[in-house]
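Taking this note's numbering, the leading residue of the sequence shown gets 6, the next gets one more, and so forth.
The C-beta atom is built at its ideal place from N, Cα and C for all residues, glycine as well.
Predicted model, so just to flag it, every value in this text is computed and none were measured.
Have a look at the structure below before the remarks.
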Amino acid sequence: MRSYRDIFVFLLFLYTVEGDILDNYARTDGAWIFGEHKRMYRTLSKEQCAEKCEAETAFSCRSFLYAVKDQQCITLADNTKTTVVFRSSGAVLFEKKIYLLECRRGNGFDYRGTESKTQKGIRCQKWTDNSPHVPNYTPQAYPNASLEENYCRNPDNDEKGPWCYTTDPETRFDYCNIPECEEQCMYCSGENYQGKISKTESGLECQPWGSQEPHSHGYIPLNFPEKNLRSNYCRNPDGEPRPWCFTTNPTKRWEFCNIPRCATPPPVSTVGRQCLAGRGEDYRGKIAVTESGATCQSWAAQTPHAHARTPENYPCKGLEENYCRNPDGETKPWCYTTNPDKRWEYCAIPSCDSPTVAAPVIPEQGPSVQDCYEGTGTNYRGTMAMTASGRKCQAWSSMTPHRHQKTPSAFPNADLRRNYCRNPDGDRAPWCYTTDPMTRWEFCNLQKCPDPAQQQPKPTLTTNPGMTSSPRTDNQENKIAQCRTGNGKDYRGKISSTSGGRTCQEWHLQTPHRHDSFTPISHPRSGLEKNYCRNPDDDVNGPWCYTTDPNKAWEYCDVPQCPSPEYECGKSKYVPQLCFGRIVGGCVSNPHSWPWQISLRTSFNMHFCGGTLIDPQWVLTATHCLERSSRPAAYKVVVGIHTERALESSAQRRNVQSMFKEPHGADIALLKLSSPVMITDEVIPACLPSTNSVVAGGAECYVTGWGDTKGTGGEGVLKETGFPVIENKICNRPEFLNNRVKATELCAGNIDGGTDSCQGDSGGPLVCSEQGRYVLQGVTSWGLGCAQPMKPGVYVRVSRFIPWIERIMKEN
């Protein structure tokens, strides 16, 4: 018994830093926390700040804040598990990973999580309390054991793991149920395995996750930051029965890895919810009927449907009996059915949301032709959902990956719908929380609306034949210089006041604010002249400067975006509906919101295929659309239309001058038009992707077309549908398309069906938003039926054919 131990051997816990000191910290940009215990330092780098945290003696340092422009370092006793997180531009929060873990290594001597109940569910006594038990271990006696609150700890290096004194007078202490960290072994399906095994079960070397050779894939580490896709280590990012990897063998795309199971039992699962919250992964109720009323098949059975979602393969997912469950991260709980003709279906699980608390009803706003904001954008009601750096916005009602207080109920007048950019707190421009766990928030990819009162005609530049350049007056030169492109990294204008009206401090001065990190000497190529606004650190939110106000170290500048060129690919002048409905089902697009969509027609003006304008004189379509005739004269192209009849005044018609089919049999072809089309608000090319780039699985993309609606209405007008890309590894499973999908193709669709392209959409675009522009990732090619469950559409992967496209366009 612990109360009778007289001699204790306490081993001082040393937190060893290996390699880069920051490897042991989790980083979140744009986050700030206020802690009760903190100390402030002046440091030149985040590494120096980490050293201050490691050497902190006033308290146990769990995190630190670093403001690069202020060169300010704040060490903290708190982290995001113990206090509220706020958003703050220019700040970066670093948290010690060891204090974020809720698992133990070995006997858990260094466990620093927040579990505070014993293995029997009894609440732990605080280490500072003397009731109901007088402790032998106290924070004063063992200052390095992190005996805080009532958290489970192992101050005496007990071989059985972390423990605590209990609040039960009859039980002095008990052990806690802290699972092992999955590094040497795995629990459940290895979703949290973080070890370094990098060979498959047959001995093949794993391909690095960051590489696209020899196998291109969508599991890009930057797109799955929470999955820790490091090096070529085996991982389980997609709900497989156990960890796997792509292999370095060109003939073997992927294979499972042999990860040993942990010797200790898996963590005891909680009782689970009896209602639906989020995706319902913790639902443990007893509903066993699908939405259509079909009875669920037992998870242990293999008839009428054979499958791999068995209790043995998914031991921690509650696959009991035939109850509806969500073992693999689907949209909501589902089950295989006892109907031989219906493999699986979602279940109707009642929501956990209280019916007595009504969410504020926010009316849907009609689309705006001009997606820009006025003033600070507090009244912006557009549908932009992407940040200036190209990150997707987190839904305002969601608490993942970032918890926050900016909810629709807390700000009922701010129109916090879906994940649209908004400005609920009066910041300088619309912003949003991001879906990147490492970046809490960013300003959005929006421009200010032009002020009609300040608009002037463009200056006319005349060319003197005797001069090598066009002369400009000082007034013209200033006008051109006083705007920025992108985030303004190359801005060299003369604006020298901030958006808050403060005068900028000269870059070479160190008063009133010292800033050794950003001087003309430290950044000689950043144009740090006088006190002009600049962006030496490539800040996504634009140029800034230190201010002459002693109480405000730095602030962003209000530098307008430069006028767009004649056109920017992938940018529509009309806001898209962004409908996650279906083409087969009739989601009508906003007129001219997909200005690269073309109609491929017969010489008799009958629409039969789609295509994409990628250049004023070039169209990309599917090879199988050109089977009617080998003569270019048999085809016509119409652009700038919304209706299939093409009676709009914006319509432009062109003959096809030349046809080029991909020479190796891929279902992709180029059409050269008889003459370039005129770029208008209704006619704009889509952007092409980078060579061999891969759009990530789960990315939201859109298909448009005038294809067959199967009698569901909306015929004759352009329709759209949005759905996620499905990684080829998943799409080629037997229950999906059974290895029919080639590496030069990609899948997209909802696995439960109901959303798809169809006949008449062939050759049309699959576009995905990237940094505010729509990029042509796929050409509609083939599918098994239209909108059938488990049968997503297949598209030619455009990025694999960029060299061929560029060569044909250049040579012809």
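Item                                                                                                               : Value
Beta-carbon spacing of Gln-566, Cys-509 below 8 Å                                                                  : no
Backbone secondary structure at Ala-674 - three-state DSSP                                                         : strand
Through-space distance from Glu-326 to Asp-761, alpha-carbon basis                                                 : Confidence at Asp-761 is low in this model, with a pLDDT of 41, below 50, so the placement of that residue is unreliable and no value is reported for it.
Residue closest to Pro-406, alpha-carbon to alpha-carbon, out of Thr-388, Tyr-579 and Lys-232                      : Lys-232
Helix, strand or coil at Glu-687 according to DSSP, with G and I counted as helix                                  : coil
Neighbour-count burial assignment, Val-90, 16 or more Cβ in a 10 Å radius                                          : buried
Cβ-Cβ distance between Asp-34 and Thr-123 below 8 Å                                                                : no
Rounded straight-line distance, which links the Cα of Lys-411 to that of Pro-4                                     : Because the chain spans 6 through 817 in this model, residue 4 falls outside it and cannot be assessed.
Distance between Asn-546 and Ser-94 (C-alpha atoms, nearest Å)                                                     : 9 Å
Per-residue DSSP class, three states only, for Val-803                                                             : helix
Element boundaries [beta strand (DSSP E), containing Glu-350]                                                      : 349 to 351
Backbone CA spacing between Pro-248 and Lys-204 [nearest angstrom]                                                 : 11 Å
Counted within 10 angstroms of its Cβ, other Cβ atoms place Pro-470 as buried (16 or more) or exposed              : Reliability of the predicted coordinates at Pro-470 is poor, the pLDDT of 33 falling under 50, and no value is obtained from them.
From His-647, Ile-810, Ser-598 and Thr-392, residue whose alpha carbon lies closest to that of Cys-584             : Ser-598
Short Cβ contact (8 Å threshold) for Cys-78 with Tyr-46                                                            : yes
Lys-734 - containing alpha helix (DSSP H), residue span                                                            : 733 to 736
Local Cβ density within 10 Å of Glu-482, reported as buried at 16 or more and exposed below that                   : Per-residue confidence for Glu-482 stands at a pLDDT of 37, beneath the threshold of 50, marking its modelled position as unreliable; the derived number appears in the next sentence. Exposed, since its Cβ has fewer than 16 Cβ neighbours within 10 Å.
Inter-residue spacing [alpha-carbon to alpha-carbon] between Ser-504 and Cys-562                                   : 5 Å
Secondary structure, beta strand (DSSP E): runs of 3+ residues fully inside the region 159 to 190                  : 168 to 170 and 178 to 180
Distance CB(Asn-182)-CB(Cys-169) smaller than 8 Å                                                                  : no
Cβ neighbour criterion (16 or more within 10 Å) applied to Ile-810                                                 : buried
Inter-residue Cα distance where the pair is Gly-783 and Ile-689                                                    : 18 Å
The region 375 to 385 in contact with the region 526 to 545 per 3-pair CB rule at 8 Å                              : no
Cys-550, enclosing alpha helix (DSSP H) - first and last residue                                                   : Segment 549 to 551 is the beta strand (DSSP E) holding Cys-550; no alpha helix (DSSP H) there.
Neighbourhood of Glu-286 by C-beta, 6 Å cutoff - its chain only, sequence neighbours within 5 removed              : Asn-331
Of the residues Arg-314, Asp-521, Glu-750 and Ala-299, the one placed nearest Lys-347, counting alpha carbons only : Ala-299
Expected contact under 8 Å - CB spacing of Ile-264 and Tyr-198 to nearest Å                                        : 6 Å
For Asn-418 and Ala-792, the rounded distance between their alpha carbons                                          : Bear in mind that a pLDDT of 45 at Ala-792, under 50, signals an unreliable position, so the model cannot answer this.
8 Å contact criterion, which Phe-99 and Leu-49 should meet: CB distance rounded                                    : So it is not a contact: roughly 16 Å between Cβ atoms.
Collapsed DSSP secondary structure at Tyr-104 in the structure displayed                                           : helix
Pair within 8 Å by beta-carbon distance, Cys-250 and Cys-239                                                       : yes
Identified DSSP bridge partners for Arg-32                                                                         : Phe-99
7 Å Cβ shell around Met-683 - same chain, five flanking residues per side excluded                                 : Gln-657
8 Å Cβ shell around Leu-631 - same chain, five flanking residues per side excluded                                 : Tyr-640, Met-664, Lys-666 and Ala-674
Spatial neighbours of Glu-649 in its chain, beta-carbon cut-off 6 Å, leaving aside the 5 residues before and after : His-612, Trp-711 and Gly-721
Local Cβ density within 10 Å of Cys-280, reported as buried at 16 or more and exposed below that                   : exposed
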